[in-house]
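K.L.:
For the record, in the sequence shown the residue sitting at position 135 is 135 according to the UniProt record's numbering, with numbers rising by one throughout. We put the beta carbon where it would ideally sit given N, CA and C, even for glycine. Computed from a prediction, not measured in an experiment: that's the story for all the values here. Here you go, one structure.
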Amino acid sequence: MRRSNQALVDRPAPTPSSAGTPHRPAAPPPLPDYLRDTYTWAYLSDFGTRFFDHQLVVNTILWGNARRLIRWACSALRPGQTVLQPAAVYGSFSRDVAATLGPQGQLTVCDVAPVQVALTTRKVADLSTVTVGLHDASQPHGEAFDAIVCFFLLHEVPDPVKTAIVDALLASVKPGGSVIFVDYHQTAPWHPLRPVMAGVFRFLEPFAQALCRRDIRDYASNPQQAEWRKETRFGGLYQRVIATRPPT
Ligand SMILES: C[S@@+](CC[C@H](N)C(=O)[O-])C[C@H]1O[C@@H](n2cnc3c(N)ncnc32)[C@H](O)[C@@H]1O
């Protein structure tokens with residue numbers, strides 16, 4: 001079923017169902033404390049939403065690797081799939097994912113912050129295969145997707161929320177489907193950016209260092225429910241972890 005790109009906010013309560021039925025939150029989820037306390041400057045403020053939502057800025061923050069990282073994430077997807085993106089991403093990411101899925105694919109983009117839902121809705125306004133909704137990624141979605149692409153979300157949440165998100169995403173993918181995580185990773189000891197990233201994490205991204213010390217697999221409450229594949233790139237600065245549920 002083709003869905004439109006309207007924001008799914010303030011609609012009736014969700015009922016768990018197969019892919020193709022839009023997610024309908026009963027009530028808007030509350031803004032998590034960590035988001036308000038740590039990331040207002042980046043995701044909730046007028047300045048942040050105006051300044052950061054440009055591919056040039058995203059590329060600078062990712063040390064010129066934005067396109068490669070997006071390609072890395074998209075290369076694990078196939079045309080025609082139903083895909084969940086559980087948090088908004090600045091720049092062109094959602095449009096790139098939608099292009100990968102093609103006209104038969106369906107992309108559902110969610111975020112816990114209404115301002116990010118509004119921003120993403122505007123960015124994909126011309127794409128009929130994309131739906132944007134308000135949802136907290138730490139809660140199961142209520143739909144089952146062919147794949148889920150979680151791009152640089154885990155490093156921005158406290159450890160208990162990392163576990164809740166990994167569990168919720170694994171619960172929201174169909175048997176045989178995959179959850180694709182692309183995020184920061186511990187750099188090799190020789191990496192020239194190692195001290196720089198340590199400073200960035202210390203002063204701006206307080207939940208990121210933990211992700212560099214621990215495998216994403218180890219955040220799952222029940223890791224044996226999936227097969228895990230981890231790769232790193234750029235001297236270990238970034239990781240892609242694919243958790244695939246066995247087909248039933
Ligand atoms: C995907 S992350 C970081 C992406 C990357 N740094 C970028 O360029 O945008 C940023 C988004 O995650 C959202 N977010 C944080 N916690 C969330 C949660 N529990 N559920 C859904 N979205 C969440 C924030 O509102 C924000 O829009």
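(1) By alpha-carbon positions, which one of S45, A226 and H185 ends up nearest to L211?
(2) Is it right to say P246 is buried, meaning 16 or more other beta carbons lie within 10 angstroms of its own, or is it exposed?
(3) Flag this pair as yes or no: are the beta carbons of A76 and I242 separated by less than 7 Å?
(4) Give, in chain order, every unbroken run of the beta strand (DSSP E) that is at least 3 residues long and sits entirely within the segment 119-165.
(5) Run through DSSP, which three-state label would P175 get?
(6) Could you tell me if V231 is buried or exposed, where buried requires 16 or more neighbouring beta carbons within 10 angstroms of its beta carbon?
(7) Within its chain, find whatever has a CB closer than 6 Å to the CB of L153; leave out the 5 residues flanking it on each side and keep chain order.
(8) Beta carbon of S138: closer than 6 Å to some heavy atom of ligand 1?
(9) Sorted by chain position, which residues of the same chain lie with C-beta nearer than 6 Å to L237's C-beta, five sequence neighbours on each side aside?
(10) Bridge partners for E231 per DSSP, in chain order?
(11) By alpha-carbon positions, which one of A99, D146, T49 and S178 ends up nearest to T244?
(12) Using DSSP bridges, identify the partner residues of C110.
(13) Under DSSP, the alpha helix (DSSP H) around T38 begins and ends at which residues?
(14) For L69, which residues in the same chain have their Cβ closer than 7 Å to its Cβ, ignoring the five residues on either side in sequence?
(15) Helix, strand or coil for L84, going by three-state DSSP, please let me know.
(16) Contact between the segment 160-168 and the segment 215-235 is defined here as three or more beta-carbon pairs at a separation below 8 Å; is this criterion met?
(17) Any beta carbon from chain D within less than 7 Å of G235's own beta carbon?
(18) Just checking my contact of S138 with V161 at CB under 8 Å: how many whole Å lie between their CB atoms?
P.N.:
Once the coordinates are examined:
(1) In the sequence shown, counting from the first residue as 1, residue 211 sits at position 211. Considering only alpha carbons, the answer is H185.
(2) Within the sequence shown, numbered from 1, the residue matching residue 246 stands at position 246. Exposed is the call here.
(3) By 1-based counting over the sequence shown, the position of residue 76 is 76. By 1-based counting over the sequence shown, the position of residue 242 is 242. Yes, they are a contact pair.
(4) The segment 119-165 contains these whole beta strand (DSSP E) runs: 130-134 and 143-151.
(5) Translated into positions along the sequence shown, residue 175 becomes position 175. P175 sits in a strand when the DSSP states are folded into three classes.
(6) The residue you call residue 231 lines up with position 231 of the sequence shown. The sequence as given places Glu at residue 231; Val does not occur at that position. Under this definition E231 is an exposed residue.
(7) Within the sequence shown, numbered from 1, the residue matching residue 153 stands at position 153. Exclusion of the five residues before and after L153 leaves A87 as the residues of its chain whose Cβ lies within less than 6 Å of its Cβ.
(8) Walking along the sequence shown from the start, residue 138 turns up at place 138. Short note on S138: C-beta closer than 6 Å to some heavy atom of ligand 1.
(9) Stepping through the sequence shown from its first residue, residue 237 is reached at position 237. Listed in chain order, the non-local C-beta contacts of L237 below 6 Å within the same chain comprise T187, local neighbours out to five positions each way being set aside.
(10) Here residue 231 is taken as the residue at index 231 of the sequence shown, counted from 1. Residue pairing for E231: DSSP places it in a beta bridge opposite R240.
(11) As a working note, residue 244 is residue 244 in the sequence shown. Comparing Cα-Cα distances from T244 to each of A99, D146, T49 and S178, the minimum goes to S178.
(12) In the sequence shown, counting from the first residue as 1, residue 110 sits at position 110. Answer by DSSP bridge pairing, in chain order: G133.
(13) On the sequence shown, residue 38 is found 38 positions in, with the first residue counted as 1. Counted as a single uninterrupted DSSP element, the alpha helix (DSSP H) harbouring T38 occupies residues D33 to Y39.
(14) For the purposes of this step, residue 69 is taken as the residue at position 69 of the sequence shown. Exclusion of the five residues before and after L69 leaves L62, V182 and Y238 as the residues of its chain whose Cβ lies within less than 7 Å of its Cβ.
(15) Taking the first residue of the sequence shown as 1, we reach residue 84 at position 84. In this structure, L84 counts as strand in the three-state DSSP scheme.
(16) In short, these stretches touch, since the Cβ pair count reaches three.
(17) Absence of chain D from the displayed structure is noted, only one protein chain being present.
(18) Here residue 138 refers to the residue found at position 138 of the sequence shown. Here residue 161 refers to the residue found at position 161 of the sequence shown. Correct: roughly 5 Å between the Cβ atoms.
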